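Note that this note's numbering has the sequence shown beginning at 2, numbered continuously upward. Below is one structure, written out as structure tokens; the observations come after it.
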Amino acid sequence: MGADILILTIYLICVTSVLYQMALSVEAKLEDQVEVVLDGENLQAAITAQLQQQNIYQAQADILIDKSGALLQLTFFDQDEAIGKVMLQVFPQGKLPLQPPLSDLKVSILNNFPDQQVFLNWDGSSLSVHGGLAQRVIRKVPGMPIDLFQPQAMTVANPGQMVSVAVTSESLFKRPEDKTALEPTSALINLGLVPEMKEPLRMYSLGMLMLVRSMATPNGQTMQLLLPFNFQINVLPDHVALPLLSWLLKRFSFRPKKKPQ
């Protein structure tokens, strides 16, 4: 009788341990555990300061919030009349699970000008992750090999067009032994490591060089703005998406303690 109880106890412990590990695995994939937030105040202030230093265009920078997150809106004026708008947004934003890691950032640009072209100069842009050194931004082009020694073509949004591109960091590209083309060998941002980081490191920055040029006077002055999209990665309080998993994690609280800040 005693042996049966011992075997049953060991069996229940094993089953509980397996269920707990399953709960943690599912939690990491399903539960929103971090939130990516744009520093809109800094972005707006930086652009406003640049606009005051040049007199090519009269423009105003605003940060708008929609269901997909924060976006930058640049409104251009002739006297007091609005003549066009440019809107830029960088993804991801909002709440995210720890998995999968982020392989790139998505940049969307909408040109509502009637006769102005908008360019994004990637060789003049930079990307920094977790406070590390700034690296050149690489635009990912499906089906095309990456050559880091060649200048990149700028992304252009013509009047009335919306363009979306994926970008990553130059430092991620390496040449596999069995291939001739360069490939990104690691993720851009591993969100699974963020909860263990000190708070000042939970961030990344994408500085984009944007140019605006008139199609009517292509040899005229071109306006340049450096757009500092700085993002903070906030760690959310523990919360499990599924009630059963929540019960398991509360009933058997073997979760490793987080390191102090």
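Yeah, the Cβ is synthetic: ideal placement off N, Cα and C, and Gly gets one too. This structure is a prediction, so every number in the text was calculated from the model and none was measured.
Would you give the residue range spanned by the beta strand (DSSP E) that Ala50 belongs to? Element bounds for Ala50: not the beta strand (DSSP E) but the alpha helix (DSSP H), Gly41 to Gln53.
From Leu121, Tyr58, Gln59 and Ser165, residue whose alpha carbon lies closest to that of Lys107: If we check each option's Cα against that of Lys107, Ser165 comes out closest.
Ser127: buried (16+ other C-beta within 10 angstroms of its C-beta) or exposed? So Ser127 counts as buried.
Out of curiosity, what's the CA-to-CA distance linking Ile66 and Glu178? Cα-Cα distance, rounded: 45 Å.
Mapping the DSSP letters down to three states, classify Ile64 as helix, strand or coil. Three-state DSSP puts Ile64 in a strand.
From Gln225 to Met211, what does the alpha carbon distance come to, in whole angstroms? Using only the alpha carbons, I get a separation of about 6 Å.
Quick one: what's got a C-beta closer than 6 Å to Val213's C-beta in the same chain, skipping five residues either side? Here the set comprises Gln117, Val119 and Met224.
Alpha-carbon spacing of Leu202 relative to Ala135, whole angstroms: For Leu202 and Ala135, the distance between alpha carbons rounds to 14 Å.
What would DSSP say about Val130, mapped onto helix, strand or coil? Note: Val130 maps to strand in three-state DSSP.
Beta carbon of Leu99 nearer than 8 Å to that of Val37: When the beta-carbon positions are compared, Leu99 and Val37 stay at least 8 Å from each other.
Give the single residue among Ile6, Ile234, Gly132 and Ser215 whose Cα lies nearest to the Cα of Ile57. Checked all of Ile6, Ile234, Gly132 and Ser215; the closest Cα to Ile57 is Ser215.
Could you give the C-beta distance for Arg284 and Val168, rounded to a whole number, given that I count them as a contact under 8 Å? The first residue shown for the chain is 2 and the last is 262, placing residue 284 beyond what the model contains.
With Gln59 and Phe78 assumed to form a contact (beta carbons below 8 Å), what rounded beta-carbon distance in angstroms separates them? Right, their Cβ atoms sit about 4 Å apart.
Apart from the five residues just before and just after Ile190, which ones in its own chain have a Cβ nearer than 7 Å to its Cβ? Excluding residues within five positions, the ones whose Cβ falls inside 7 Å are Pro102, Leu103, Val130 and Tyr205.
Spatial neighbours of Gly41 within its chain, please: CB distance less than 6 Å, with the 5 preceding and 5 following residues excluded, ordered by chain position. Taking Gly41 as the centre and dropping the five residues before and after it, the same chain places the C-beta of Ile64 and Ala71 closer than 6 Å to its C-beta, in chain order.
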